[in-house]
Every structure is written in structure tokens, then in C-alpha cells.
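> Chains as they are written, first to last, in this note's numbering: chain P, 815 to 1207; chain B, 815 to 1207.
Even glycine gets a Cβ: it sits at the ideal position worked out from N, Cα and C.
Just so it is clear, the structure is predicted and the values come from calculations on it, not from any experiment.
Quick one: the structure is below, and I'll ask about it shortly.
Protein chains: 2
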Amino acid sequence: MSGIDGCLVNCSLAPRATPENDTRDTSATIVLDNGDPTMYESYWSKIGNKCDITFNGDNSLSYFANGKRLCWFLESKLEEQIKRLHNVVGNAIVDDHYIIVGTGSSQLMQAALYALSPADQLEPISVVSATPFYSAYPEVTNFVRSGLHKWAGDAITFQKNGPYIEFITSPNNPDGVIREPVVNGDQGKLIYDLAYYWPQYTAITSPANHDVMLFTISKCTGHAGSRIGWALVKDKEVARKMTKFMEISTIGVSKEAQLRAAKILEVISDSCLDPKMENFFEYSRSLMTDRWKRLRQVVMANAIFVLQKYPLQYCLFTKDFYESHPAFAWLICNGGEEEDCEKLLKEHKIHTRSGSRFGSESRNVRISMLSRDEDFNIFLKRLMAIQGPTNGN
Amino acid sequence: MSGIDGCLVNCSLAPRATPENDTRDTSATIVLDNGDPTMYESYWSKIGNKCDITFNGDNSLSYFANGKRLCWFLESKLEEQIKRLHNVVGNAIVDDHYIIVGTGSSQLMQAALYALSPADQLEPISVVSATPFYSAYPEVTNFVRSGLHKWAGDAITFQKNGPYIEFITSPNNPDGVIREPVVNGDQGKLIYDLAYYWPQYTAITSPANHDVMLFTISKCTGHAGSRIGWALVKDKEVARKMTKFMEISTIGVSKEAQLRAAKILEVISDSCLDPKMENFFEYSRSLMTDRWKRLRQVVMANAIFVLQKYPLQYCLFTKDFYESHPAFAWLICNGGEEEDCEKLLKEHKIHTRSGSRFGSESRNVRISMLSRDEDFNIFLKRLMAIQGPTNGN
């Protein structure tokens, strides 16, 4: 475990935790329950003023970006930089797709459900995703008890006797696995959530080319606070309905967030093309590789936990083989079926999200790998200190 | 009509239109259908760099603004400036209210409906507003066919045999009238939409102090492109549910938009307190007064149209009497019950919104008073040229 020790010694924290010397037991719980992507802050601090953007008082007063375009609130600079980045990375076909911008991809999930739900049906359409599925899908589908769509659970056990919508998250949240549709019914409509299909997380094996694809700047660059997502949509009528949803829901998307996102994506594309700049994806890939290596070492040295494994795949972007290093670790507690892994980790002041939230078992947890270094180091230290299930649980 | 002529001559356009000399008949339709508040651009251009805000690459990456607060995504700078502005203007009590920020007030309307709809009911709660009501209310209430709430139309004719939610828009959109609740049932929950309760539109007669009040920067300062609204909410549980809605719907609100809004509100408050600055509300009030004076002159000189009248009221902010100068003109065509005013104006290349969209008659139209000067001048010129209903309509 010298590699891990080395990392921990090199960080700003106290030496390796034991029950005797770990004064941090009295410190705050480390929150790795959500995927707040603060890890990328270090890149953006180093980039200096290349990414600065200034707004004057008289900028962007209007609701409209371009009233004549289908997505009338989409800033043309953002559209341009979204297209450019997908072409630079090679992770999606953009040229024959409409782009719809959203307040994060959550809003676009709802817009896609709205657009793909048949308007003339009496019963709400079933919405499914294979377990373990992103914990927000059931909530996003059902929270206002829509008569258009209803959550129908696991796609694997779904009885495909009628129309349905399937969410395909690839790489998957929470477990990082590359996915395909599983229902394969003849009345299915598919929403591809590709939030994590970027080179720091997985090999780019081909440009995605589906009817509805969702992306978000949060997981690509780390700018979650901007709330910018985008949908690539093939069918004009679906794109029009999604735009209508955005219009009723929020009358478009913040112009400041869009223009800043355009700047950020521009700098990222530049960093991939200009050898004088530090390539964002190489930088973030090396951070992820290091974190996963250290986590795997801790887990291997401990009989209680098991981690998901990933195949090595050829990445067309880096022209090299790469094993997935997902944004979340999908940790399995080996303490038997009854084990509550979230509870166990919480006792050690690590706040994670239970597998039960993802339609899976409570012996699994999802752990964010995107925290700041300090928190990640404390997390590893606390994980290392866990000896086994506490009595009485 | 010399005053109007003078204005038109002083603007950059050709002299008064007649069928003979109006070359602009071949030009584009003037869009006054929506309330795009571009009129205020002139103030913000004059303000110079006082309102500039710069974002660096490493700003605002996190989803969170303050994870310990009820509204965990609300930037504290924005909260501070919202409170300060309401205290400076005196139009709302803020100190015993929670502040929830939204992506415009449209999203907060939905959040309020979500929070105020009983969770345990079998039937959706009725949502009403007195005609003429804001045209978005039916759409916002019904667009995803929610099982929580349904649009029940005009509050005046509503049978109050059970729970209901009433929207009270004051000053009202579309007609600028000051409003009170009209149902007055014992199971009613009220949402006050106070988007236009600012000194440029109406006298500030007392600080509003209701359970749920909605405001938006769009109509206050003109920054509609930022999509920033806020709710002032008395009850903690309602505030918590509204925050939950925002969390599921869009995981919060763009940090860039919030921080820029904070800056804009700060400058506006400063402009009210610093005699060396041009007071924003005095400036915008004088623009509105001038536009309304010119519009009334055109309408008075024409037998076809009638405008809503407003009482003179004492304004606590300016310490003077003021007649309302609403953001929209509510124009009535005097051509009889059958008259379609939207159609008539469209023939003269003025795009307005029919009264039928507001639960009212099609002989009424709503016309935005907030366009850029050029468009407002063309509007007046075209209105002046209308001689009466075209044959065959």
C-alpha cells in the first residue's frame, strides 16, 4: 500500500488514520453523495484569464437569441462551440441534429419526455431504464404526477406490450458500464443520456448517432453551477416540442450561462488542438486514472469491498487503449445480502448514495469520484480504516 | 397631434405615414406580442462599466451556493441585493420571508403550484385567475397534464366548493389594473404575481406582505435574457417544497445569471440612493410616461380604439402622485363585439396578442410598451394610419 500511503502523505492532511491517531473522526462528514464536479477547479485555476468573460450592463436583455431559429433562445456562439467540441472529440454526430439548450440536462430529460409522449393517449406512457438506473429518472418522470408519462421501473423486467420510453445512460450512472437499449420493443422511443461519454471517463469508440442524445457541461468541464445542458435531436418535430417545453417551463435558458459555456467549450477545444495549451481531457484523464488507481488499491487491501471492473477499449480520440474511469465508483459491500453499505460508510463519515436509490441493492453504494483533492484523500483514508461491519447493524 | 408628430420626426424614421408615402408597408411586422423589455437597454448603455461583471474559468463550478441554507443554490450576494432593493423601493416585506430563486418567475409559478397542491388528494386542485389573466397561467398549469393541479379558468365565475389556488397578478398582466383576490373561499391558497409592482409601472402604495409573492428581474430592470426570478415565501414548508421543485426540475439556477442579477440590482439600488447617479426608476418612469402620453394621443385621435384608464395614486417611493403606466397596453377595438383586433392590427403589420388568449374577448389586444424606441415609433405610426376595419374581415 506504499503508493496510497505516499499519496496520503503528500496531501495536506495528517498521516494514515488508525483508531488511535485519527482526530478527523470528530470532523465533518465527507459528502460524496452527489456528483459535484469540483475536481476540475484545478485545471481552470491554471488556465488563467484565457477563459474570462465579461458582461456589460446592456448585454443580453432580450428573451431571444435568434427568433428565426427553431430553438429561438439558443445563443449561436454556444451552438457553434457545441458542434466544434463534438467534432474535435468525435463522441457524437452533430451535423444532422438540431441543438436544444437546457438549464442542465435534467430539464432536457423532462423536455424529451414531453416531446416523446404521445399527445392523444389516455394512459401515461411507461418510462423505463435498466437497473441500476440514474436515481433522478423516477423523480423527474413522476414529480408532478404527469398524465403524459409515468415511471415503470427496470427496463430489464418491463413487459413491452405497448409504447414506452427507455433511458439509456452510457457510460451508465451509477456503475460506469457502456450500455445499449434493453427492451427492444417495436413501440419504443429512446433517450440517450451521454453525460459521461467524454474521454476522461471512457474510451471514445465511435461517434454516437441517435435520435435524442443528452449532454451536460457539468460532467464534461465541471461547470455544474452554470446549469447548461444540450440535446442533439434528429427529428424536427421532436426538437420543436422540446423547445416548446423549454419555452413554457422557463422561457429559455440564461444567456450569461450560455455565453460563458460557449467560452469554456471554446477553450477546451483549443486545448485539444493547440500544443502550447494543456489538453483538458489529458489532464482530467490523468486525475481520474490516479484516483481510480488509489481507490482500487484501498479496496483490494480490504476484504469488505468490491469494485466494478471495466474492459480496456481503443479510444479514437487519444488513439490509445483506455479502461473506463467513471465519475462514480459503484462499490459493493461483501458483507452479504443484508448489508447496508450506505449506513456502514455513514458511520465512518462518508456520505454516499445507496444502491436502493438506483433500483439496486442496499449493499451497493454510488460514490462521487469528482470531489476536491482534500475530500478525496479523506475519503480514501476513512475507507482504509474500515475494518468490517459494525456490530448491531 | 403635434407632440406625436414631433416624436416621430425626431426619431430616425421617415415622416408621418400616409397610404401614399409609407414605404414601411413593405417592411417587417413589428412584434409587440411578447413583453421583451428591450426599452431599458438605453439606461444600461449609459451606465457604462458600473455594471460590468467578469467570470474567471474557475468560478462557480459547484452546484451549491450554500448547502446549509434552505434554498441551497441561492447565491448570498443575490439574496442580499434582493432584500436591499425591496427595502429601498418599499414594494415588499422581505425580512420574514424565505427567498427562492428561479429560472425566471415562470419556473417559480410551477414551483408554487407544486408546493401548494395538497400531496394526498385524489383529484388535481383547481387553479384560477380573474379574467383577463396572464396568458401563460393555463399553459403553465396544464402542459404536462399534472395530477396535482389543473386550470379551472376565470376566478370570478369559479364555484368555490373546495380547495383552489388563485393567481393574483397586480398590477395585472394584461390590463395593468391593481388587483385583490376575488374568490375569497375558505380553502384558497394565493400566489401573488408582482412582476410589475415597480415604480415605473405604478404607484408603490404599500409594501406587499403576502404568503407567496413572485418577482422577476425581466420586468424590473429589463434583463429578461438572464432568466432570474425570485419568490418571497412566508411558510418554511412551502419554501422547502418550492426548493425541492427547483432541485428536481433544474438542480438549481445558473450561478452566472444569479451573480450578474445581484450586480444589476446593486446598481439599481445605488442609483436610487446616490444623487450622482441617474435614478433607474425615474429614468424608466419618464420613458413610460412619455410613451403612454403619445399612445393616448394617437388613440384619442382615432375613433376605433379605446384604452384602459387608471386612477392617480400616491407613491410612497417617489413621494408624489402617479398614474399607472403599465408594461402592456390593453387596447379595445370599438368595432363591435365581433371585431378581431389582433387580426386588424396584424394587417397593419403590428403583431399583438389577442384578448382571447387572456380569457377575454378578441376585440381586445395586449400590446407591449417595452420595445426599443424604433419599434415603438413605427408602432405608433402604423396605429395612426389605421382608418377602420378593413372590408371583408
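May I ask you to list, following chain order, the residues of the stretch 1132-1148 of chain P that have a beta carbon less than 8 Å from some beta carbon of chain B?
Residues passing the 8 Å Cβ filter: none.
> Do three or more CB pairs link the stretch 1067-1079 of chain B to the stretch 877-897 of chain B at distances below 8 Å?
They touch, by the three-pair rule.
> Which same chain residues, not among the five before or five after residue 1189 (chain B), have their C-beta less than 6 Å away from its C-beta?
Around residue 1189 (chain B): 844.
> Starting from residue 1122 (chain B), follow the alpha helix (DSSP H) in both directions and report where the run begins and ends.
Note, residue 1122 (chain B): premise wrong, no alpha helix (DSSP H); not H, not E.
> Measuring alpha carbon to alpha carbon, tell me which residue in B:919, B:896, B:1149 is nearest residue 1119 (chain B).
Checked all of B:919, B:896, B:1149; the closest Cα to residue 1119 (chain B) is B:1149.
> Could you check the C-alpha separation between residue 841 (chain B) and residue 1160 (chain B) for me, to the nearest Å?
Rounded to whole angstroms, residue 841 (chain B) to residue 1160 (chain B) spans 13 Å at the Cα level.
> So with CB distances below 8 Å, who are the chain P contacts of residue 854 (chain B)?
Result: 875.
> On the three-state DSSP scale, how would you describe residue 1097 (chain B)?
Three-state DSSP puts residue 1097 (chain B) in a helix.
> Answer yes if the stretch 1046-1059 of chain B comes into contact with the stretch 943-961 of chain B, meaning at least three C-beta pairs across the two stretches below 8 Å, and no otherwise.
Flag = no, the stretch 943-961 of chain B and the stretch 1046-1059 of chain B do not touch.
> Please state if the CB of residue 995 (chain P) and the CB of residue 1004 (chain P) are separated by a distance shorter than 9 Å.
Going by C-beta atoms, residue 1004 (chain P) is nearer than 9 Å to residue 995 (chain P).
> Which residues of the stretch 1158-1171 of chain P have a Cβ closer than 8 Å to any Cβ of chain B? Give them in chain order.
Hits within the stretch: zero.
> For residue 1038 (chain B), does the count of other Cβ atoms within 10 angstroms reach 16, so buried, or fall short, so exposed?
With 16 or more other Cβ atoms within 10 Å, it is buried.
> Return helix, strand or coil for residue 1003 (chain P), following the three-state DSSP convention.
If DSSP states are grouped into helix, strand and coil, residue 1003 (chain P) belongs with the strands.
> Which residue comes first and which comes last in the beta strand (DSSP E) that contains residue 964 (chain P)?
Run containing residue 964 (chain P): 963-968, per the beta strand (DSSP E) assignment.
> To which residues of the same chain is residue 914 (chain P) closer than 8 Å at the C-beta, ignoring the five residues directly before and after it?
The answer, listed in chain order, is 885, 888, 922, 925, 1044, 1045, 1047, 1053, 1056, 1057, 1060.
> Using the Cβ count rule (16 or more neighbours within 10 Å means buried), how would you classify residue 976 (chain B)?
Exposed, by the Cβ-count rule.
> Between the stretch 858-875 of chain P and the stretch 1176-1194 of chain P, are three or more C-beta pairs nearer than 8 Å?
Cβ pair count under 8 Å is below three, so no.
> Should residue 959 (chain P) be flagged as near chain B, meaning a C-beta pair shorter than 9 Å?
Yes, contact with chain B.
> What separation, rounded to the nearest whole angstrom, lies between the Cα atoms of residue 948 (chain B) and residue 1177 (chain P)?
So the alpha carbons of these two residues sit roughly 51 Å apart.
> On the three-pair Cβ rule with 8 Å, is the stretch 894-909 of chain B touching the stretch 936-947 of chain B?
The stretch 894-909 of chain B, when compared against the stretch 936-947 of chain B, does not touch it at the 8 Å Cβ threshold.
> Since residue 916 (chain P) sits in a beta bridge, which residues does DSSP pair it with?
DSSP lists P:1043 as partners of residue 916 (chain P).
> Of the residues that make up the stretch 1007-1033 of chain B, which ones have a beta carbon closer than 7 Å to any beta carbon in chain P?
Listed in sequence order: no entries.
> So with CB distances below 9 Å, who are the chain P contacts of residue 1192 (chain B)?
Per Cβ cutoff of 9 Å: no residues; residue 1192 (chain B) is ~17 Å from chain P at best.
> Suppose you measure from the CA of residue 966 (chain B) to the CA of residue 1173 (chain B); what does that come to, to the nearest Å?
Between residue 966 (chain B) and residue 1173 (chain B), the C-alpha separation is close to 11 Å.
> With distances taken between CB atoms, is the gap from residue 1103 (chain P) to residue 1139 (chain P) smaller than 9 Å?
Going by C-beta atoms, residue 1103 (chain P) is nearer than 9 Å to residue 1139 (chain P).
> What does the alpha-carbon distance come out to for the pair residue 1032 (chain B) and residue 1134 (chain B)?
Cα to Cα, residue 1032 (chain B) sits roughly 25 Å from residue 1134 (chain B).
> Along the chain, which unbroken stretches of the beta strand (DSSP E) at least 3 residues long are found entirely within the stretch 1030-1096 of chain P?
As far as the stretch 1030-1096 of chain P is concerned, its whole beta strand (DSSP E) runs of at least 3 residues are 1042-1047.
> Is it buried or exposed for residue 863 (chain B), if we count other Cβ within 10 angstroms and need 16 for buried?
Exposed.
> Quick check on residue 969 (chain P) - is its C-beta less than 9 Å from some C-beta in chain B?
So, not an interface residue.
> What does residue 1037 (chain P) touch in chain B if you count any residue whose Cβ is under 7 Å from its own?
Within chain B, the residues near residue 1037 (chain P) are 875.
> Give the interface partners of residue 928 (chain P) over in chain A, defined as CB-CB distance under 9 Å, in chain order.
This model lacks chain A altogether; the protein chains it does include are P and B.
> Return the Cβ separation of residue 867 (chain B) and residue 868 (chain P) in integer angstroms, given the expectation that the two are a contact with Cβ distance under 8 Å.
About 7 Å; that satisfies the 8 Å criterion.
> Could you tell me whether any Cβ in chain P is nearer than 9 Å to the Cβ of residue 1095 (chain B)?
By this cut-off, residue 1095 (chain B) is not an interface position.
> Find the residues of chain P that neighbour residue 1069 (chain B), judging by a C-beta separation of less than 7 Å, and give them in chain order.
What residue 1069 (chain B) touches in chain P: 1039, 1040.
> Mapping the DSSP letters down to three states, classify residue 929 (chain P) as helix, strand or coil.
In the structure shown, residue 929 (chain P) sits in a helix (DSSP, three-state: H, G or I).
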